[in-house]
Amino acid sequence: MTYIVNDNCIACKYTDCVEVCPVDCFYEGENMLVIHPDECIDCGVCEPECPADAIRPDTEPDMEQWVEFNRKYAEQWPVIVTKKDPLPEAEERDGEAGKLDKYFSEAPGEGG
1 MTYIVNDNCI ACKYTDCVEV CPVDCFYEGE NMLVIHPDEC IDCGVCEPEC
51 PADAIRPDTE PDMEQWVEFN RKYAEQWPVI VTKKDPLPEA EERDGEAGKL
101 DKYFSEAPGE GG
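Counting along the sequence shown from 1, when you hit position 112 you're at 112 in UniProt numbering, and nothing is skipped either side.
Right, dumping it as structure tokens:
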């Protein structure tokens with residue numbers, strides 16, 4: 001099992017999760033985070049830290065696409081290990097449907 005970040009993170013990018021991760025398996029894109037599924041140790045401490053409920057176990061239905069999505073971008077984006085401010089529109093976009101098609105950016109974040 002692994003944990004993944006889904007599209008609820010897009011345009012919010014809360015980083016509360018990165019501070020509790022014991023193995024630094026979060027990677028930062030321009031407007032979301034991902035978890036490297038091969039580095040995640042399945043401890044689950046990140047899941048309750050996410051205000052946008054964007055971190056889910058891969059054992060839930062229809063998560064395989066998100067495992068591959070997380071792997072792809074974790075291999076391209078820089079690791080993030082310290083908490084940062086969420087995106088300015090985070091509260092407004094939290095819970096919005098269709099964020100992958102509307103807002104997703106493949107650009108890497110700053111890391112940190």
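Heads up, the beta-carbon is just placed ideally off N, CA and C, and yes, glycines get one too. Because the structure is a prediction, the values reported are computed rather than measured.
Rounded to whole angstroms, what's the CA-CA distance from residue i to residue j? Just pull it up for me.
i, j, result
"Pro51", "Asp38", "24 angstroms"
"Thr59", "Val23", "21 angstroms"
"Tyr27", "Ile35", "6 angstroms"
"Gly98", "Asn8", "9 angstroms"
"Pro108", "Glu64", "22 angstroms"
"Leu100", "Trp66", "11 angstroms"
"Tyr103", "Val5", "15 angstroms"
"Pro57", "Asp42", "8 angstroms"
"Gly95", "Glu106", "21 angstroms"
"Gly44", "Met1", "10 angstroms"
State the CB to CB distance for the pair residue i and residue j, rounded to an integer number of angstroms; the pair is presumed to be in contact (CB under 8 angstroms).
i, j, result
"Glu49", "Tyr3", "That belief does not hold up - the Cβ atoms of Glu49 and Tyr3 are roughly 11 angstroms apart, past 8 angstroms."
"Pro78", "Gly111", "3 angstroms"
"Cys12", "Pro86", "6 angstroms"
"residue 129", "Lys83", "Only positions 1 to 112 of the chain appear in the structure, and residue 129 is not among them; the question remains open."
"Cys21", "Ile55", "That pair is no contact at about 10 angstroms."
Over what stretch of residues does the alpha helix (DSSP H) that includes residue i continue unbroken?
i, result
"Tyr27", "Segment 26-28 is the beta strand (DSSP E) holding Tyr27; no alpha helix (DSSP H) there."
"Val18", "16-20"
"Val67", "64-74"
"Cys100", "Checking the displayed sequence, the identity of residue 100 turns out to be Leu instead of Cys. Leu100 -> alpha helix (DSSP H) spans 99-103."
"Ala90", "90-93"
Between the options, which lies nearest to residue i when the distance is taken from Cα to Cα?
i, options, result
"Ala74", "Cys12, Val18, Ala11, Gly29", "Gly29"
"Arg71", "Cys40, Cys17, Cys21", "Cys40"
"Ala90", "Gly44, Asn31, Val81", "Asn31"
Tell me the residue span of the beta strand (DSSP E) that contains residue i.
i, result
"Tyr3", "3-5"
"Ile35", "33-35"
"Ile55", "55-57"
Does the Cβ of residue i have 16 or more other Cβ atoms within 10 Å, making it buried, or fewer, making it exposed?
i, result
"Leu33", "buried"
"Thr15", "buried"
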